[in-house]
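One structure below.
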Amino acid sequence: MKGFVLFLAIAVFSLHGNGVVSKECTNIPTQLSSHRFSYELLKSNNETWRQGMFSHYHLIPTDDSAWSDLLPRKILREEDELGWQMMYQKIMHPGRFNLAADSLKEVSLHDVQLDSNSIHWRAQQTNLEYLLMLDVDNLVWSFRKTVGLPVEN
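The structure is reproduced here in structure tokens:
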């Protein structure tokens, strides 16, 4: 009980005043981390200065490692890991992956199949199982009531 009272007293004391104070922490502070500088940059009519500043605004190397930490290693296979890295490269360097307009073509969805061992297939199965659990009549009744259509009791 004494521990709880002490904790409560410290919490009240630390929150007393105008609120909680926090500070942005980065490994490498940049000019763009300054709110005043960012505001002036965004309001400026000098396009050359804006483009020059934003051309350097990219992920720092520590963010590269953070991206690789997001990789769900236990779920993905080795070939999926390459796809994960390619997705990162497409996000970071979109100009490198421009495809010719005629390189894509329409494909019937009947010709598309997911590998039964892939995480996408498992996600689709989970969605299907969830949708099959839903009561269609309840959903229709709820929808009609929400949009103001006549409903049968």
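Letter by letter, the sequence shown follows residues -22 to -1, 1 to 131 in mature numbering (1 follows the signal peptide of the UniProt record, and there is no 0).
For every residue, glycine included, the Cβ atom is placed at its ideal position computed from N, Cα and C.
In whole angstroms, what is the alpha-carbon distance linking Leu117 and Thr104? 19 Å
I need the DSSP call for Leu92, collapsed to helix, strand or coil. coil
Between Asn131, Leu112, Phe121, Asp58, which lies nearest to Phe98 when the distance is taken from Cα to Cα? This sequence places His at residue 98; Phe is not what is there. Ranking Asn131, Leu112, Phe121, Asp58 by Cα distance to His98 puts Asp58 first.
Are Leu20 and Met31 closer than 8 Å when you measure CB to CB? no
Just to confirm the assignment, what range does the alpha helix (DSSP H) spanning Val114 have? Its alpha helix (DSSP H) spans residues 114 to 125.
Cβ-Cβ distance between Lys123 and Val129 below 8 Å: yes
Just to confirm, are Leu92 and Gln102 a CB contact at a threshold of 8 Å? Yes, these two residues count as a Cβ contact at 8 Å.
Buried or exposed, going by whether 16 or more other CB atoms sit within 10 Å of the CB of Ser(-1)? For Ser(-1), the predicted model reports a pLDDT of 46, less than 50, meaning its position is unreliable; a value from the coordinates is still stated below. So Ser(-1) ends up on the exposed side.
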